[in-house]
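So the number in this note's numbering is just where the residue sits in the sequence shown, counting from 1, plus 267. Note that CB positions come from ideal geometry on N, CA and C, so glycine has one too.
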Amino acid sequence: FLWGVGSSAYQTEGAWDKDGKGPSIWDAFTHSKGKVLRNETGDSACNGYYRVKDDIQLLKELKVNHYLLSISWPRIMPTGIKAEQLNEKGIQFYNDTINSLLENNITPIVSLYHWDLPQVLQEKYGGWQNISMINYFNDYANLCFEKFGDRVKHWITFSNPWAVAEKGYETGEHAPGLKLGGCGAYKAAHHIIKTHAKVWHSYNTTWRREQRGMVGISLTSGWGEPVDPHSQTDRDAAERYIQFHLGWFANPIYRGDYPEVMKNYVGRKSAQQGLGTSRLPTFSVQEKTYIKGTSDFLGIGHFTTRYVLQKSFPFLQVSSYHTDPDLAELVDPNWPAPGPKWLYSVPWGFRRLLNFIKTQYGNPLIYVTENGVSETMQCSQLCDEWRIQYLKGYINEILKALNDGVNVKGYTAWSLLDKFEWNKGFSERFGLYHIDFKNKNKPRYPKASVDYYKNIISANGFPNPREVDSWHQKAMDTCSATHQHLVADSLITHMEMVTEIVLPTVFTLCILISIVLLIFYLRNHS
């Protein structure tokens, strides 16, 4: 069983315009005011571009087997178009990163796309709304296989494409910020699914025999539990919840087409609007065959659960992905919600989701690619007891799923570092390591969860309850000491800021006042 942690390029690297990197849609999005909380950007993020060796030390401290990272497409191909330009410094950066990981016995799991599309492709072609992305992305993927595939054996084509489609092209909360209600998300997803299949086939025909790696996709989904398990309408609504999230992408890849319930609901709503065809695009017979079976493993991101019930939306001229499935989501007020309002800790939902995948998709090989919890506290909080409870609860449910016969082979805690959280800026912190973003050096400090997760990895799970309790106590003791370091460092940083800003200002003012007084003095004496 593989244990690891993950992160993504835009959220951590920074160096947004350094060493020949081209702009991404997230650079453009965050640079326009009002898109991100407090107008924060990932321009410098965690300074990860300059801190690779330091961060690999953190991975060694954790004793992880693998590290999930993503490649920034515009860092190695500034315009996104292979024929136009390659950036050797960007390629070298990822070569060095991969080599350093392997030298330290850490397996790289590499995602080709964690949301940072080259801005040029968005401006020229409309990004994922345009079918031409398929070939541009395939060229990029093949370049990555060529440059890194001799050492990278686990590839993810897309990380959480649901968010790319829904938040990028339906609600506009994420880059590129388009609100193409009712159609945009479905169209983007359609092109992403086709692109994924093309890349899998490229690897299969050109690189697999020589490199012997695997290509999969990482899908993020919550679990939907019927409010009333005895009500058929609620059970159907909960099924729709899963199909409109996970099934939207997994069904074409594992079964050859969109889920029937999605086709029925979107088709019916489209007809009510008077549209000649469904807003959900269709795959041709050849495409269905081409897409089916294009995953060597399934990456699963999972954070939380919802109760679901049937809710009919009145006939609307303005259609949306959110009203198409005719359902409402609820939460139990007793569920712990340590961080943001969307992320409730409901461990039992994870086992149910994993069993659903086993049943629906023929028990595929699964790697958990993202699972974790954030905090929204502004004060630095290193003694993250709720994260320890979250990890314990969710990892324990994976063990139960393993005992149910689910073929899950690895777990990735999300995430290594506190980082830029998209439209939420730096207000949400998912890291096992705290970062002081006010300090220009972006120092890393271990939270209590580092100690706890390290013990889980060393023991390959949970031994006996008494030992697990002792881990907990030790982790809390260690974090108290680290917290004192952090407070002292923060004070020094604050003093340095005072020294750097206040003293020169006071000095300048003194000189100006002296000049004014001198002028007065000379005037009076002349």
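Asked                                                                                                                                                                                 : Found
Take Lys741 and list the residues in its own chain whose beta-carbon comes closer than 7 Å to its own, dropping the five residues that flank it on each side.                         : Asp718
Should Pro428 and Ala464 be called a contact, given that it needs their Cβ atoms to be closer than 8 Å?                                                                               : no
Identify every run of the alpha helix (DSSP H) within the stretch 547 to 603, keeping only runs that are complete inside it and at least 4 residues long; order them along the chain. : 552 to 558
Anyone know if the C-beta pair for Gly347 and Pro385 falls short of 8 Å?                                                                                                              : yes
Of the residues Glu734, His739, Ile780 and Tyr700, which one's Cα is nearest the Cα of Leu325?                                                                                        : Tyr700
Residues bridged to Val635 by DSSP?                                                                                                                                                   : Ile567 and Tyr678
Can you check whether the CB of Gly523 is closer than 8 Å to the CB of Lys555?                                                                                                        : yes
For Leu410, which option in Ala430, Gly449 and Ser339 has the closest C-alpha, if you only look at C-alpha atoms?                                                                     : Ser339
When you compare only the Cα positions, how much space is there between Thr626 and Trp689?                                                                                            : 34 Å
Examine the Cβ distances between the stretch 671 to 680 and the stretch 702 to 713 and report whether three or more of them are shorter than 8 Å.                                     : no
Please report the straight-line C-alpha distance between Val675 and Gly541, rounded to a whole angstrom.                                                                              : 45 Å
Less than 6 Å between C-beta atoms, sequence neighbours within five positions excluded: which residues of the same chain meet that for Pro345?                                        : Gly289, Gln352 and Asn354
Using the Cα positions of Leu486 and Ser469, report the straight-line distance between them to the nearest angstrom.                                                                  : 21 Å
Could you tell me which residues DSSP puts in a beta bridge with Leu486?                                                                                                              : Ile567
Mind checking Ser781: buried by the 16 CB within 10 Å criterion, or exposed?                                                                                                          : exposed
So, Tyr317 versus Phe360, is the Cβ gap smaller than 8 Å?                                                                                                                             : no
Measuring alpha carbon to alpha carbon, tell me which of Ser274, Ser275, Asp294 and Ser641 ends up nearest Trp283.                                                                    : Asp294
Mapping the DSSP letters down to three states, classify His421 as helix, strand or coil.                                                                                              : strand
Identify which residue in Val552, Val613 and Tyr628 has its Cα closest to the Cα of Ile560.                                                                                           : Sequence check: residue 560 is Gly here, not Ile. For Gly560, the nearest C-alpha among the options comes from Tyr628.
Count the other CB atoms within 10 Å of the CB of Ala350; is the residue buried (16 or more) or exposed (fewer)?                                                                      : exposed
In terms of DSSP beta bridges, what is Met481 paired with?                                                                                                                            : His421
Could you round the C-beta distance between Leu597 and Tyr574 to whole angstroms and report it? I think they count as a contact, below 8 Å.                                           : 4 Å
Which of the three DSSP states, helix, strand or coil, is assigned to Val377?                                                                                                         : strand
Put Arg711 into one of helix, strand or coil per three-state DSSP.                                                                                                                    : strand
Do Gly357 and Gly287 count as a contact pair if the criterion is CB distance below 8 Å?                                                                                               : yes
Over what stretch of residues does the alpha helix (DSSP H) that includes Tyr521 continue unbroken?                                                                                   : Trp515 to Arg522
Suppose the cutoff is 8 Å on Cβ atoms and the five residues either side in sequence are ignored; what does the same chain contact list for Asp593 look like?                          : Ala504, Arg507, Tyr532, Gln577, Lys578, Ser579 and Phe580
To the nearest angstrom, how far is it from the Cα of Leu335 to the Cα of Ala538?                                                                                                     : 43 Å
Is the CB-CB distance between Leu683 and Gly309 below 8 Å?                                                                                                                            : no
Looking at Tyr634 and Phe564, is the spacing between their C-beta atoms short of 8 Å?                                                                                                 : yes
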